[in-house]
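Here's the structure, in structure tokens; my notes come after.
Number of protein chains: 2
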Amino acid sequence: MAKTAQNPVKSAETTFEVLDALKDLDGAGVTELAQHLDIPKSTVHNYLSTLEQEEYVVNRDGVYEVGLRFLELGAYARHREKLFGIAKPEVDRLAAETGELANILVEEHGRGSYLYRARGDKAVQVKAHVGTRVPLHTTALGKAILAHMSTERVDAIVDRHGLGGEASKSISSRAELEQELADVRDRGVAFDDEERLEGLRCVAAPVLNHDNEIIGAISVSGPTNRFRGDRFREELPQKVLEVANVIELNVTYS
Amino acid sequence: MAKTAQNPVKSAETTFEVLDALKDLDGAGVTELAQHLDIPKSTVHNYLSTLEQEEYVVNRDGVYEVGLRFLELGAYARHREKLFGIAKPEVDRLAAETGELANILVEEHGRGSYLYRARGDKAVQVKAHVGTRVPLHTTALGKAILAHMSTERVDAIVDRHGLGGEASKSISSRAELEQELADVRDRGVAFDDEERLEGLRCVAAPVLNHDNEIIGAISVSGPTNRFRGDRFREELPQKVLEVANVIELNVTYS
DNA sequence: CGCTCTGTCCCAGATGTTTGAACAACTGTT
DNA sequence: AACAGTTGTTCAAACATCTGGGACAGAGCG
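Quick mapping for you: the protein sequence lines, in order, are chains U and L. Using the numbering used here, the first residue of the first sequence is number 19, and each one after it goes up by one. Using the numbering used here, the first residue of the second sequence is number 19, and each one after it goes up by one.
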């Protein structure tokens, strides 16, 4: 699954190494980047000037930064996901009605990518923004997705990315994960009890297409003090499921 | 200004040619892409497999597509624009209060990039999504920005991108543009009277920082039948200006 | 079953990329 | 005002890498 290119174009790899470094450093000069990447600065300069010429990178008084042309590509990629257009208005409603943070996640390359995030009036502040990629087994959203994949696909994903836990409560063995996924299938919803971020709980439901294939998941997340008792175990799950069902209907007829 | 790299990395250029083609074709196979680009398919395959390995491209049953990793980069690039975080809530309010489509645009590489777009309840459907890049002189937003740039910078941009008009009413000479920009400075707001899209009018105001440098522009746009008379010439301009002023205050104190 | 599409792989030759060193342009310090 | 220590940029030679034709396997179809 984690296929490596047979005949990789090394310059393409380097190009993205440069871009990634530019992102990690939040903008940088040639020398700084060169040191960070351990590549001669003349080489780095060649890449940066090429990227600038192509308008993928911008030079603001001496500091190179990731350009907005990626927003064009990124927005396009999101727009291409049929789930986005259909689920967005419903997730907006979910956020408005619960007052919390509502999310859409899809799987790509065995990881979860946040497609969209809607803020209700009481929504918590989380640093992660749209586009952030997370390991599937560490979030309610991811578990909702894994629960509806074939065993082989789950195996392939676990083989590729492991079960490295970000917090103490995370799932750490394949058996544990299988048990959890079975629970998710039984209940219809997945929970996240501060597994990825302390003090943050989350309720997620899968979104399936007419062939019962998983195409993504939606969720509400909020602080533990508002996510407890009946609201956490009954009220919110029902709400999220209802919204997921509406989305599924719209996916089918489109 | 339109500097070309002295020592361009051709493979980096090719990488983005491939990605652009993938976007234009809305996903494609190796052979189709190779024909479109007039490059041997083995070469195209090398690039695609490298991009897939790096998780920037995804292969969905035989069709290569632009991946969501670009959403990560794009969302990051947008987040890095300080204007976005500050202006977003205000533009949301502008959309809600007018019921129309409200926008944020910034300049990059001499073109306009839509940073954000908020839809009011009566907002028109336009195909352009976030990230779309447009020539500055063809939109109210762009004219609001150009009006507050130095003459040299405007010259450089016109030299680089020309004044090619997308519709009949567009500005087509440098003198005409200068006149228009002077008007914008006088009035404080810029108008777009179906210049770029038929039936669509637009009112835009610049956003300046404390040093009176232009950092972007905001606007409301809608159908000509709702954008006429006093509403178009008085009411909406005042509203847009007011919101721009609030944003400017928030920009200064942050 | 054979035909014609795919996508993938391979390797030698051609080409582009890498690289250190040298330079120019700044910044801040003495 | 001169200087030392930065920075980004340029260049051309040495060589690593990309290119590209052709061969191959597998899928889809009649």
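Every residue, glycine too, gets a C-beta built ideally from N, C-alpha and C. Fair warning: this is a prediction, and the values are worked out from it, not measured in the lab.
Taking C-beta atoms under 8 angstroms as the contact rule, U/Leu86 and L/Ser131 qualify, at a distance of about 4 angstroms. By the Cβ test, the region 73-92 of chain U is not in contact with the region 237-252 of chain U, since fewer than three Cβ pairs between them sit closer than 8 angstroms. When rounded, the separation of the alpha-carbon atoms in U/Val142 and L/Pro107 is 16 angstroms. Under the Cβ criterion (8 angstroms, minimum of three pairs), the region 22-37 of chain L counts as touching the region 24-39 of chain U. Under the criterion of beta carbons closer than 8 angstroms, L/Tyr74 and L/Phe88 qualify as touching, at roughly 7 angstroms. In the three-state reduction of the DSSP assignment, L/Gly234 falls in the strand class, which pools E and B. Between L/Pro107 and chain U, the shortest Cβ-Cβ separation is not below 7 angstroms. With contact defined as three or more Cβ pairs closer than 8 angstroms, the region 203-212 of chain U and the region 167-183 of chain U are not in contact. DSSP places L/Glu126 in the uninterrupted beta strand (DSSP E) bounded by 119-126. Residue ranges of uninterrupted alpha helix (DSSP H) with 4 or more members, entirely inside the region 84-109 of chain U and ordered along the chain, are 87-98. Residues Ala165, His166 of the same chain have their beta carbon placed closer than 8 angstroms to that of L/Arg203, with the five preceding and five following residues left out of the count.
Residue pairing for L/Arg129: DSSP places it in a beta bridge opposite L/Glu126, L/Pro153.
Burial check for L/Ala158: the Cβ neighbour count within 10 Å reaches 16 or more, so the residue is buried. Contact check for U/His155 against U/Leu181 passes: the beta carbons are separated by less than 7 angstroms. When the beta-carbon positions are compared, U/Ala120 and U/Ala136 come within less than 7 angstroms of each other. Beyond the five residues adjoining it in sequence on each side, U/Arg129 comes within less than 8 angstroms, by CB distance, of Arg151, Val152, Pro153, Leu154, His179 in the same chain, given in chain order. By the criterion of a C-beta distance shorter than 8 angstroms, L/Ala39 is surrounded in its chain by Ala46, Leu51, His54, Leu55, once the five residues flanking it on both sides are discounted. For U/Arg219, none of the residues of chain L pass the 7 angstroms Cβ criterion, the least Cβ distance being about 24 angstroms.
Of the other Cβ atoms in all chains shown, fewer than 16 fall within 10 Å of the Cβ of U/Leu267; this residue is therefore exposed. When DSSP states are grouped into helix, strand and coil, L/Asp204 belongs to the helix group. Contact of L/Asn243 with chain U is not assigned, every C-beta pair being separated by 7 angstroms or more.
Within the DSSP secondary-structure output, U/Asp211 pairs in a beta bridge with U/Arg219. The beta carbons of L/Arg111 and L/Phe102 sit no closer together than 7 angstroms. Where U/Arg78 is concerned, the enclosing beta strand (DSSP E) starts and stops at 75-78.
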